[in-house]
Amino acid sequence: MKETYQDYGINLPINATGQHYTTCPDCSHIRKKSNDPCLGIDADRQIWNCNHCGWSGSLKNIKKEYNKPDWKPKDTLSPKVIEYFKKRGITEKTLKYNDIQYKDIYMPQEDKEVGAIAFPYIYDGEVVNIKYRDGKKNFRQESGCLKVFYGIDKIKKGETTVIICEGEIDKLSFDEIGYHFSISVPDGAPSPGTKNFNTKFEYIENCRNKLKGIENFILVVDNDEAGRVLERELAHRLGRDKCLRVEYPDDCKDANEILVKHGKEELKKLIANAKQYPVIGVNQTSEFHNELMNLYNNGFNKVYSTGWDTLDKLYKAREGELTVITGYSGHGKSEFVDALLVNLAEKHNWKFGVCSLENLPYERHIRKLAEKIIGKPFFKGESPRITEDELKEAEITLENKFYFINPEKIDIDNILEITKSLIFKKGIDGLLIDPFNELEHNRKPGISETEYIGSFLSKVRRFARMNNICIWIIAHPVKPRMEDRDKPPTVYDISGSANWANKADNAISVYRHQHDNLVEIHVQKIRFKEVGRIGMIELIYDNPSGCYNERPF
Numbered sequence: 001m002k003e004t005y006q007d008y009g010i011n012l013p014i015n016a017t018g019q020h021y022t023t024c025p026d027c028s029h030i031r032k033k034s035n036d037p038c039l040g041i042d043a044d045r046q047i048w049n050c051n052h053c054g055w056s057g058s059l060k061n062i063k064k065e066y067n068k069p070d071w072k073p074k075d076t077l078s079p080k081v082i083e084y085f086k087k088r089g090i091t092e093k094t095l096k097y098n099d100i101q102y103k104d105i106y107m108p109q110e111d112k113e114v115g116a117i118a119f120p121y122i123y124d125g126e127v128v129n130i131k132y133r134d135g136k137k138n139f140r141q142e143s144g145c146l147k148v149f150y151g152i153d154k155i156k157k158g159e160t161t162v163i164i165c166e167g168e169i170d171k172l173s174f175d176e177i178g179y180h181f182s183i184s185v186p187d188g189a190p191s192p193g194t195k196n197f198n199t200k201f202e203y204i205e206n207c208r209n210k211l212k213g214i215e216n217f218i219l220v221v222d223n224d225e226a227g228r229v230l231e232r233e234l235a236h237r238l239g240r241d242k243c244l245r246v247e248y249p250d251d252c253k254d255a256n257e258i259l260v261k262h263g264k265e266e267l268k269k270l271i272a273n274a275k276q277y278p279v280i281g282v283n284q285t286s287e288f289h290n291e292l293m294n295l296y297n298n299g300f301n302k303v304y305s306t307g308w309d310t311l312d313k314l315y316k317a318r319e320g321e322l323t324v325i326t327g328y329s330g331h332g333k334s335e336f337v338d339a340l341l342v343n344l345a346e347k348h349n350w351k352f353g354v355c356s357l358e359n360l361p362y363e364r365h366i367r368k369l370a371e372k373i374i375g376k377p378f379f380k381g382e383s384p385r386i387t388e389d390e391l392k393e394a395e396i397t398l399e400n401k402f403y404f405i406n407p408e409k410i411d412i413d414n415i416l417e418i419t420k421s422l423i424f425k426k427g428i429d430g431l432l433i434d435p436f437n438e439l440e441h442n443r444k445p446g447i448s449e450t451e452y453i454g455s456f457l458s459k460v461r462r463f464a465r466m467n468n469i470c471i472w473i474i475a476h477p478v479k480p481r482m483e484d485r486d487k488p489p490t491v492y493d494i495s496g497s498a499n500w501a502n503k504a505d506n507a508i509s510v511y512r513h514q515h516d517n518l519v520e521i522h523v524q525k526i527r528f529k530e531v532g533r534i535g536m537i538e539l540i541y542d543n544p545s546g547c548y549n550e551r552p553f
């Protein structure tokens, strides 16, 4: 882990990116221009320098302390272990290659000491964790140890293809056929109902350096519902374009079962016949068999409540879609989307990349989000303000669920590149771009504004679908005519092109009444009916806290 900027008195979140300027904790308090943002911060490199006093520095790594398991190499294998694995098609040679042992350990499921197979997890030549399996298929790992892929140290430098399995015995099965470029996830598959993946996939980030240069990941997970959850999340984080999937024989659900029932050649065929994970392009029907059966059994991809029951009747969030938000200046479109993201984070544990260029410096945006999390104003006023303890509570929520994007060059390619990294590292579920007109645009000569916006939106929508995340773009409408000021703008009123309406999956217009806090939310386009329908609902805006509440009936 690293130090934080707050450790040095610098007001900037640890997950900020790009270039920032703020006040200097070393000199601003003694200057006449105490609010002058003289401290320049390169958040990508996590370094800073004050243009006034010359104070400079950088964040330093604080090595997280992990427990070290007690492991002593053994030259001989227990006959019990050899006999057990012989029935699974695994030879003594493969067991020795992977340093498998048999140990007496406490198994909490049995509440006693039992004999168990020990799988050492090795990273940079050191045993960093041990996973145990007893005869009743109970599992446990050493507590407080580093989580990594099982077998990651066996991947040779320069290897470009890696097989990812769901269990250690599947990894051993590939070693048995000479495929020593296989690894296994340490915790198996998450249950289908799992909502919070915050720590479930930390082993990917822990092994990031060892996965550099890998061009293809062959996902060999169990052929069941939990395995499909694991497959989708791995593809989401590693990149669908890099992933391949396999199709099992009808009588098998994992790699070891193929080895036992059908032999080594059939297991080799499994890998040889792996197919590209579905991405945008040309595909055959057979490639979508699993998705088709999932659709048949479970319906469309899940839609997620916005946190407002009335709005849920018109619009729900769904990963893989692009939603455009518009509204006149000062009518609260950014505040509304902020409230929506806070609701999704709190109700569904969603995480977001946020590129909100009208809310810089980002402490301004963090303040607004904190108000919505706590439900109180940040500053002193007529209403009770957020306490310091409540502010810390909000910071913890924001630290793990909101990642602020501010690259040096603020164009869509840089934003999507950073977002791709956040998907890999943090597993984010959504991206906010606010607003479109603040981005740097690279419109080539001869390309009309309509053509450029159409191409821009196609790129963003394709990114949302390929990476299975929600993307919201806030775009300003043209200035209304006098006779239209009492009407909400439509998505066709957005400056530049009707493609805003044509390309978006969903479109919403926010319109606030001038003399009260009543806000109309107009859902003006829904591409897929399972997400919602066209219509309008009203919310009440609480000006002190920035929260949106449903009208009492």
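If you count by the UniProt record's numbering, then the sequence shown holds residues 1 to 553, one letter each, in order. Where is the CB? At the ideal position from N, CA and C, for every residue including glycine.
### Query
If residue 227 sits next to residue 189, beta carbons under 8 Å apart, how far is it from one beta carbon to the other, in whole angstroms?
Residue 227 to residue 189, Cβ: 5 Å. Contact.
### Message
With the cut-off set at 9 Å, would you say residue 495 and residue 476 are in Cβ contact?
### Response
In this structure, residue 476 lies closer than 9 Å to residue 495 by Cβ.
#### Entry: Three-pair Cβ contact test at 8 Å for the region 524-538 versus the region 311-321
Judged by Cβ distances under 8 Å, the region 524-538 makes contact with the region 311-321, as three or more pairs qualify.
### Message
Counting beta carbon pairs with one atom in the region 416-435 and one in the region 349-361, are three or more of them shorter than 8 Å?
### Response
With contact defined as three or more Cβ pairs closer than 8 Å, the region 349-361 and the region 416-435 are in contact.
### Query
Residue range of the alpha helix (DSSP H) that residue 466 falls in?
Note, residue 466: alpha helix (DSSP H), 449-467.
### Query
On the premise that residue 413 lies in contact with residue 357, defined as a C-beta separation below 8 Å, what is that separation, rounded to the nearest angstrom?
Actually they are not in contact, since the Cβ atoms of residue 357 and residue 413 sit about 16 Å apart, beyond 8 Å.
### Query
For residue 414, which three-state DSSP category applies?
Note: residue 414 maps to helix in three-state DSSP.
### Query
Which value, in whole angstroms, describes the spacing of the CA atoms of residue 112 and residue 102?
Their backbone Cα atoms lie some 16 Å apart in a straight line.
#### Entry: Local conformation of residue 108 per DSSP, three classes
Annotated three-state conformation of residue 108 is coil, per DSSP.
### Query
In the DSSP assignment, what are the bridge partners of residue 216?
DSSP output for residue 216 lists 161 as bridge partner(s).
### Query
Would the beta-carbon of residue 335 fall within 9 Å of that of residue 541?
Contact: yes.
### Query
Applying the criterion that 16 or more other CB atoms from any shown protein chain within 10 Å of the CB defines a buried residue, is residue 362 buried or exposed?
Buried, by the Cβ-count rule.
### Three-state secondary structure assigned by DSSP to residue 396
Taken through DSSP and simplified to helix, strand or coil, residue 396 comes out as helix.
### Message
Could you compute how far the alpha carbon of residue 129 sits from the alpha carbon of residue 407?
### Response
Approximately 37 Å, taken between the alpha carbons.
### Task
List the DSSP bridge partners of residue 520.
Partner(s): 511, 538.
### Query
Alpha carbon to alpha carbon, what distance is there between residue 499 and residue 450?
Taking the CA atoms as reference points, residue 450 sits about 7 Å from residue 499.
### Message
Rounded to whole angstroms, what is the Cα-Cα separation between residue 509 and residue 521?
### Response
Here the C-alpha atom of residue 509 lies approximately 6 Å from the C-alpha atom of residue 521.
### Where residue 312 sits in the DSSP three-state scheme
Helix.
### Task
With a cut-off of 8 Å on the beta carbons, I'd call residue 260 and residue 206 a contact; round off their distance for me.
Not quite, the Cβ-Cβ distance comes to about 32 Å (not below 8 Å), so this is no contact.
### Message
Applying the 10 Å Cβ sphere with the 16-neighbour rule, what's the burial state of residue 79?
### Response
It counts as exposed.
### Message
Just to confirm the assignment, what range does the alpha helix (DSSP H) spanning residue 227 have?
### Response
Per DSSP, residue 227 is one residue of the alpha helix (DSSP H) stretching across 225-238.
### Task
Name the residue from 233, 448, 528, 179 whose alpha carbon lies nearest to the alpha carbon of residue 466.
Closest in C-alpha terms to residue 466, from the list 233, 448, 528, 179, comes 233.
#### Entry: Helix, strand or coil at residue 289 [DSSP, three-state]
Of the three classes helix, strand and coil, the one that applies to residue 289 here is helix, per DSSP.
### Query
Quick one: what does DSSP say residue 114 is sitting in, helix, strand or coil?
It is a strand residue.
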